[in-house]
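Line by line, the protein sequences give chains A and B.
Each position in the first sequence, counted from 1, maps to that position plus 882 in the working numbering.
Each position in the second sequence, counted from 1, maps to that position plus 3 in the working numbering.
Reading through the structure tokens given below for one structure.
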Amino acid sequence: MSKKEIAFMKGNEALAEAALRAGMTGYYGYPITPQSEIMEYLTRQAPEYPNVTILQAESEVASVNMLYGAGGAGGRVMTSSSSPGYSLMQEGVSYIACAEIPSVFVNVQRGGPGLGTIQPSQGDYFQAVKGGGHGDYRVIVFAPNSVQEMVDHTILAFDLADKWRNPALILTDGAIGQMMEKIELPEHYKFRSTEDMRAEKPWATNGRKDGRKKNLLTSLNIKSEDMERKNHELQAKYAKICDEEVRYESYHLDDADIIISAYGLSSRICKKVVDIGREQGMKVGLLRPITLWPFPSKKIDELAKKENVKLFMSIEMSVGQMVEDVKLVVNGRKPVHHYGKTGGIIFTAEDVLNQIKAKI
Amino acid sequence: MKDGYELVYKRPATLLDARMHYCPGCFHSTMHKIIMEVVEEMGIEEDTIGVSPVGCSVFAYNYMDIDFQQAAHGRACAVATGIKRSLPDKFVFTYQGDGDLAAIGTAETIHSCNRGENFTIFFINNAIYGMTGGQMAPTTLEGQKTSTSPYGRDIKNVGHPLRMAEMVSQLPGVAYCERLVLNTPANVRKAKKSIKKAFEIQKQGLGMTFLEVVSNCPSGWKCSPVESLDFVGEDMLKYYPLGVKKDVTANSN
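Structure below.
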């Protein structure tokens, strides 16, 4: 066992280093601001990792399909992009979800719609948690709010993608991707040989061997009955993921009568909002979803039931997306408001506090 | 086998005894058979992974008894890149039609060829979108009638049919490129030799191996299987000339 490894790193680079330590076998990407450091870092480290494929593809459309092939062959695979590029991948994500190929995606969000701006944003929440591509499918979505969590969530994303045979997404933004913080890096995962991977993933298409029947990875279920059966299977898996994989952070929620919900970069600002509000005698608390899907619905329901809770306030760098999920759970029992900024403009704690005061 | 009879022709064991969905007279079944014959003869059925496209041959995996991945429309070369990069010692091939390879998937085709990926592309060029009901393809001939070129392909409006074998043979990453046809028993035997050669080059890791097969579509062309052979032999081969377009092993032989 080596001693703790402490580093001072940029979010994008820390994520890339974590992927290597998580035993990533293949990365397929395409440059786009503000996440290009991920592939730049990986290609710099490549000589140290001769068994890892790091390939710059001709497009995001190609890279997501390379992920399909390489993940289907039994590897631990990742791609990364930013908003417009992740949009291009959505067809592939849908195929991957249906064929149940473990794979890790990273969206370092920038402002949209369209080509938008390269400044940070949280405008891709709907795309991330509601599907993004066609059909009834779900992606496990992590929302890191620090460089340390870029590391931790990347490791977790690889493990949960494998555990559930499902795509997992790190939904972060240009600010977290670009900022530098002190982090602790985990040790490298044990190297997996081809035989290890064969044993871990008996469904993978790595050549039928030792009398096993052929493996097939497809998202085609042309008979209606087969397609519906597949959908029921997927939904049963998603229900289990909702039971087992919800992650959130509570900050001063016990006696809070004003509940802020915020994730990622917004949640860092909202922690300060809670601190300042409490200094001023306001009973304000923060619920920070760490997984955006599965969503911490039970916790929100519990809060909505409390008599002392006066209102919910969803703070996002968007015109209001996660607020819809908060409203779905609260279901009219308490007022639910939203405050946000877009285009890369980041609100201050004072802005948020003033908005809350205006609602009470 | 009855006494006194000698078995001279059989289905390869790697070609499953399944009822095919292909139309009568279609070359797909012949192509499936000779690929699987080569796989069986080379003894690589446990080491070969196929990638099927979107189009009539999407169901290729129902007939070939090897591991398979089914790709999104046009993305077979990207999927095969991911597989081959993960499993460089395995044999990997894509099986794609003209809409898949030469329209929606042109970028993936060109770039995987240009990178010199070590897999084999089987490109079935029948100048039409078969599965969706006979629409114009990037390889539809000038003047050829389809459901979306009802008065014949007008090159002033939609451009010229793409000669993919000639195009990709220009790329340094391509080791072997040949255009074949399956319209006679002699040509079928010739095609089988080329498939074997492609797999052998793949084994040596020399780069992309690309086999274009001029094919037919009696249903889409709205003619009988026999008439379709005439169209292949007389019209298709004029615009799509047969032959080896590139062979990096030629000088060493």
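Every residue gets a Cβ at the ideal spot worked out from N, C-alpha and C, and that includes glycine.
inquiry  = So, for A/SER962: in the same chain, excluding its five sequence neighbours on each side, which residues have a beta-carbon less than 6 Å away from its beta-carbon?
reply    = Looking up residue 962 of chain A in the first sequence gives position 80. Excluding residues within five positions, the ones whose Cβ falls inside 6 Å are GLY911, GLN917, ILE920 and VAL988.
key: Paired residues, beta bridge with A/ALA889 - DSSP   = The residue you call residue 889 of chain A lines up with position 7 of the first sequence. In the DSSP secondary-structure assignment, A/ALA889 is bridged to A/ILE1065.
key: chain A contacts from the region 74 to 93 of chain B (Cβ-Cβ distance under 7 Å)   = Cβ proximity to chain A below 7 Å picks out ALA74, ALA75, ARG78, ALA81, VAL82, ALA83, THR84, GLY85, ILE86, ARG88, SER89, LEU90 and LYS93 from the region 74 to 93 of chain B.
ask   = Whose Cβ in chain A lies nearer than 8 Å to the Cβ of B/VAL61?
value = Within the second sequence, numbered from 1, the residue matching residue 61 of chain B stands at position 58. The contacting residues are LEU1102.
query = Are the beta-carbon atoms of B/PHE125 and B/LEU214 separated by less than 7 Å?
reply = Indexing the second sequence from 1 puts residue 125 of chain B at position 122. Indexing the second sequence from 1 puts residue 214 of chain B at position 211. Yes. Within cutoff.
Closer than 7 Å to chain A by CB, B/ASN256 = Stepping through the second sequence from its first residue, residue 256 of chain B is reached at position 253. Confidence at B/ASN256 is low in this model, with a pLDDT of 49, below 50, so its placement is unreliable and the value that follows should be read with caution. False, the Cβ-Cβ gap to chain A never drops below 7 Å.
Contact set for B/TYR243: own chain, Cβ-Cβ below 7 Å, skip 5 residues either direction = Within the second sequence, numbered from 1, the residue matching residue 243 of chain B stands at position 240. Same-chain partners within the cutoff: ASN128, ARG166, ARG182 and VAL217.
message = What does the alpha-carbon distance come out to for the pair A/ALA928 and A/LYS1095?
response = Position 46 of the first sequence, counting from 1, holds the residue named residue 928 of chain A. Position 213 of the first sequence, counting from 1, holds the residue named residue 1095 of chain A. The straight-line gap from Cα to Cα measures roughly 36 Å.
A/ALA939 (DSSP reduced to helix, strand or coil) = Here residue 939 of chain A refers to the residue found at position 57 when the first sequence is read from its first residue. Correct three-state label for A/ALA939: coil.
A/HIS1114 in three-state terms, based on DSSP = Locating residue 1114 of chain A in the first sequence gives position 232, where the first residue counts as 1. DSSP, read as helix, strand or coil, puts A/HIS1114 in helix.
message = 7 Å is my cut-off, CB to CB: does A/THR1224 come that close to chain B?
response = Indexing the first sequence from 1 puts residue 1224 of chain A at position 342. So, not an interface residue.
request  = Whole angstroms is fine: what's the gap from A/ILE1227's alpha carbon to A/TRP1046's?
outcome  = If you number the first sequence from 1, residue 1227 of chain A lands on position 345. If you number the first sequence from 1, residue 1046 of chain A lands on position 164. Distance between the alpha carbons of A/ILE1227 and A/TRP1046 is about 37 Å.
ask   = In the DSSP assignment, what are the bridge partners of A/HIS1219?
value = Looking up residue 1219 of chain A in the first sequence gives position 337. DSSP output for A/HIS1219 lists A/MET1195 as bridge partner(s).
request  = Please list the partners that B/HIS35 has in chain A, where partner means a Cβ-to-Cβ separation under 9 Å.
outcome  = Within the second sequence, residue 35 of chain B is the residue found at index 32, counting from 1. Those do not exist, as B/HIS35 stays about 14 Å from chain A at its closest Cβ, beyond 9 Å.
ask   = Residue range of the beta strand (DSSP E) that A/ALA1050 falls in?
value = As a position in the first sequence, residue 1050 of chain A is number 168, starting the count at 1. If you look at A/ALA1050, you'll find it in the beta strand (DSSP E) that goes 1049 to 1055.
key: Beta carbon proximity, B/HIS31 to chain A, threshold 7 Å   = Locating residue 31 of chain B in the second sequence gives position 28, where the first residue counts as 1. For B/HIS31, the answer is no, since every Cβ of chain A falls outside 7 Å of its Cβ.
Partners in chain B for A/TYR977, counting only beta-carbon separations shorter than 9 Å = Stepping through the first sequence from its first residue, residue 977 of chain A is reached at position 95. What A/TYR977 touches in chain B: GLN73, ALA74, ALA75 and ARG78.
message = In whole angstroms, give me the CA-to-CA distance for A/LEU897 and A/GLY1013.
response = Here residue 897 of chain A refers to the residue found at position 15 of the first sequence. Here residue 1013 of chain A refers to the residue found at position 131 of the first sequence. Cα to Cα, A/LEU897 sits roughly 23 Å from A/GLY1013.
message = Quick check: is the beta carbon of B/ALA16 nearer than 7 Å to any beta carbon in chain A?
response = Counting from one through the second sequence, the residue named residue 16 of chain B turns up at place 13. So no, B/ALA16 is outside the interface.
ask   = Which chain A residues sit within Cβ distance under 9 Å of B/ALA105?
value = Looking up residue 105 of chain B in the second sequence gives position 102. Simply none; closest approach about 16 Å.
query = My guess is that A/GLU1198 and A/SER1148 are in contact by the Cβ rule of under 8 Å, so how many angstroms apart are they, rounded?
reply = Along the first sequence, one-based indexing puts residue 1198 of chain A at 316. Along the first sequence, one-based indexing puts residue 1148 of chain A at 266. In this structure A/GLU1198 is in contact with A/SER1148, their Cβ atoms being roughly 6 Å apart against a cut-off of 8 Å.
request  = Just the chain A side, please: which residues come within less than 9 Å of B/HIS114 by C-beta, in chain order?
outcome  = Here the question's residue 114 of chain B lines up with position 111 in the second sequence. B/HIS114 reaches chain A at ALA939, GLU940, SER941 and ALA944, counting residues in chain order whose Cβ is nearer than 9 Å.
key: Presumed contact (8 Å Cβ cut-off) between A/VAL1021 and A/TRP1175, rounded CB distance   = Along the first sequence, one-based indexing puts residue 1021 of chain A at 139. Along the first sequence, one-based indexing puts residue 1175 of chain A at 293. With a Cβ gap of about 7 Å, A/VAL1021 and A/TRP1175 count as contacting.
key: Selection of the region 910 to 936 of chain A by Cβ proximity to chain B, strictly under 9 Å   = Listed by position, the residues of the region 910 to 936 of chain A near chain B (Cβ gap below 9 Å) are TYR910 and THR935.
key: Where A/GLN1237 falls: helix, strand or coil (DSSP)   = As a first step, residue 1237 of chain A is located in the first sequence; it is residue number 355 there, counting from the start. Helix at A/GLN1237.
ask   = Interface residues of chain A around B/ALA110 at Cβ under 9 Å?
value = In the second sequence, residue 110 of chain B corresponds to position 107, counting from 1. In chain order: GLU940, SER941, VAL943 and ALA944.
ask   = Is A/GLY1059 near A/GLY1225, with beta carbons less than 7 Å apart?
value = Here residue 1059 of chain A refers to the residue found at position 177 when the first sequence is read from its first residue. Here residue 1225 of chain A refers to the residue found at position 343 when the first sequence is read from its first residue. With respect to the 7 Å criterion, A/GLY1059 and A/GLY1225 are not classified as neighbours on the basis of their beta carbons.
ask   = If you pair each beta-carbon of the region 75 to 83 of chain B with each one of the region 937 to 951 of chain A, do three or more pairs fall below 8 Å?
value = With the rule of 3 Cβ pairs closer than 8 Å, the region 75 to 83 of chain B counts as touching the region 937 to 951 of chain A.
message = Taking the alpha-carbon of B/HIS76 as reference, which of B/TYR98, B/ILE198, B/THR151 and B/GLY108 has the nearest alpha-carbon?
response = The sequence position of residue 76 of chain B within the second sequence is 73, counting from 1. Nearest option by C-alpha distance: B/GLY108.
inquiry  = Please list the terminal residues of the continuous beta strand (DSSP E) segment that includes A/PRO1171.
reply    = By one-based count along the first sequence, residue 1171 of chain A stands at place 289. Unbroken beta strand (DSSP E) run through A/PRO1171: 1166 to 1171.
message = For a cutoff of 7 Å on Cβ pairs, would you count B/ILE69 as touching chain A?
response = Start at 1 with the first residue of the second sequence, and residue 69 of chain B comes out as number 66. True, the Cβ-Cβ gap to chain A drops below 7 Å.
query = Hey, does A/ALA1081 have any beta-carbon neighbour from chain B nearer than 7 Å?
reply = Start at 1 with the first residue of the first sequence, and residue 1081 of chain A comes out as number 199. No, no contact with chain B.
query = What is the DSSP secondary structure of A/ILE1158, reduced to helix, strand or coil?
reply = Walking along the first sequence from the start, residue 1158 of chain A turns up at place 276. Here A/ILE1158 sits in helix by DSSP.
ask   = Does the beta carbon of B/GLU49 come closer than 7 Å to any beta carbon on chain A?
value = For the purposes of this step, residue 49 of chain B is taken as the residue at position 46 of the second sequence. For B/GLU49, a Cβ of chain A is located within less than 7 Å of the residue's own Cβ.
ask   = Do you know whose CA, among A/ALA939, A/PHE1177 and A/THR915, lies nearest B/THR84's CA?
value = Reading the second sequence from its first residue, position 81 is the one you call residue 84 of chain B. Closest by alpha carbon: A/ALA939.
query = Roughly how many angstroms separate the alpha carbons of B/GLY210 and B/PRO175, rounded to a whole number?
reply = Counting from 1 along the second sequence, the entry for residue 210 of chain B is found at position 207. Counting from 1 along the second sequence, the entry for residue 175 of chain B is found at position 172. Going from the Cα of B/GLY210 to the Cα of B/PRO175 covers about 9 Å.
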